[in-house]
Amino acid sequence: MHESVQPPNGVVGAALELFAQQGFEQTSVEQIAKAAGVSRSTFFRQFGGKEDVVFADHEALIGQLRSFLDEPHDDPWQAVCEASERVFSYFARDPELARRRYQIVRDVPVLREREIITVFRYERLFDDYLRESLPGIDPLDAVGFAALVTAVHNHVLRQLLRGRKVPVAVLQKALADVRRRYGVLEDAADAASDDVVVAVFPRSMPIAEITRRVQAELS
Numbered sequence: 005m006h007e008s009v010q011p012p013n014g015v016v017g018a019a020l021e022l023f024a025q026q027g028f029e030q031t032s033v034e035q036i037a038k039a040a041g042v043s044r045s046t047f048f049r050q051f052g053g054k055e056d057v058v059f060a061d062h063e064a065l066i067g068q069l070r071s072f073l074d075e076p077h078d079d080p081w082q083a084v085c086e087a088s089e090r091v092f093s094y095f096a097r098d099p100e101l102a103r104r105r106y107q108i109v110r111d112v113p114v115l116r117e118r119e120i121i122t123v124f125r126y127e128r129l130f131d132d133y134l135r136e137s138l139p140g141i142d143p144l145d146a147v148g149f150a151a152l153v154t155a156v157h158n159h160v161l162r163q164l165l166r167g168r169k170v171p172v173a174v175l176q177k178a179l180a181d182v183r184r185r186y187g188v189l190e191d192a193a194d195a196a197s198d199d200v201v202v203a204v205f206p207r208s209m210p211i212a213e214i215t216r217r218v219q220a221e222l223s
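If you read the sequence shown in our numbering, its first letter stands for residue 5, the second for the next number, and so on.
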């Protein structure tokens, strides 16, 4: 069971409640601070503005995912998928709050633009991690896998945000299919110990992944 990601504080919930009740543009920082029980100066020390409140949990998530990916992982491809699952599990813990945020972002153009940038930051994090973890990987394989994982994650998450009950197993199955399509899904069967290593790889598997697996078998 992976460690849960915690939201920054209660200011986010208070702000989203006000945005839902009276609109994003109509809500002032002073009103948010009062509802959250903090001073205006405390609000600005924690957040740069109203937009930052909406995306505060993403900042926490990206930071914790970066720390997670900095840890040793036997399978970088699986690590990226697990990072995606962590994001989904975070929002699935409080789907009503996540749906409120989704509605606010969808209705406010400046927040929709910020969301596009935020999604790209996740994708870039995964891309950078794969390039660092798999020296010699074709950049197209790294960016393609990162983009596909991010797109699949967002597709499944949107189902949750639109009111459906979506367990994390749905995302896990979809991400397993992504790895299968990329040819990087580990064989569940245990390899027999022998002096001779015979390796068969799908043509779709990136060269960097083939190299990693061969090195792992020979080490």
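We put the CB at the ideal spot given by N, CA and C, even for glycine.
- DSSP places Phe-23 within a helical segment (H, G or I) once states are collapsed to three.
- Residue environment for Pro-206: exposed (fewer than 16 other C-beta atoms within 10 angstroms of its C-beta).
- The closest CA to that of Leu-164, considering only Gln-107, Gly-17 and Val-218, is found on Gln-107.
- Ser-71 and Thr-122 have their C-alpha atoms roughly 18 angstroms apart.
- Around Thr-46, the same chain offers Ala-37 as residues with beta carbons nearer than 8 angstroms, after the five sequence neighbours per side are excluded.
- Here the alpha carbons of Val-172 and Phe-92 stand approximately 7 angstroms from one another.
- Within a 10 Å sphere around the beta-carbon of Pro-210 sit 16 or more other beta-carbons, which makes this residue buried.
- Taking a contact to require three or more Cβ pairs closer than 8 angstroms, the stretch 73-91 and the stretch 124-132 qualify as touching.
- Secondary structure of Asp-56 (DSSP, three-state): helix.
- Restricted to the stretch 101-158, the alpha helix (DSSP H) segments that are unbroken, complete and at least 4 residues in length are 113-137, listed in chain order.
- Boundaries of the alpha helix (DSSP H) around Val-84: 80-96.
- Per DSSP, reduced to three states, the secondary structure at Val-15 is helical.
- The three-state reading of DSSP puts Lys-169 in coil, since its state is none of H, G, I, E or B.
- Within the same chain, and ignoring the five residues on either side of Phe-23 in sequence, the residues whose Cβ sits closer than 6 angstroms to its Cβ are Thr-31 and Ile-108.
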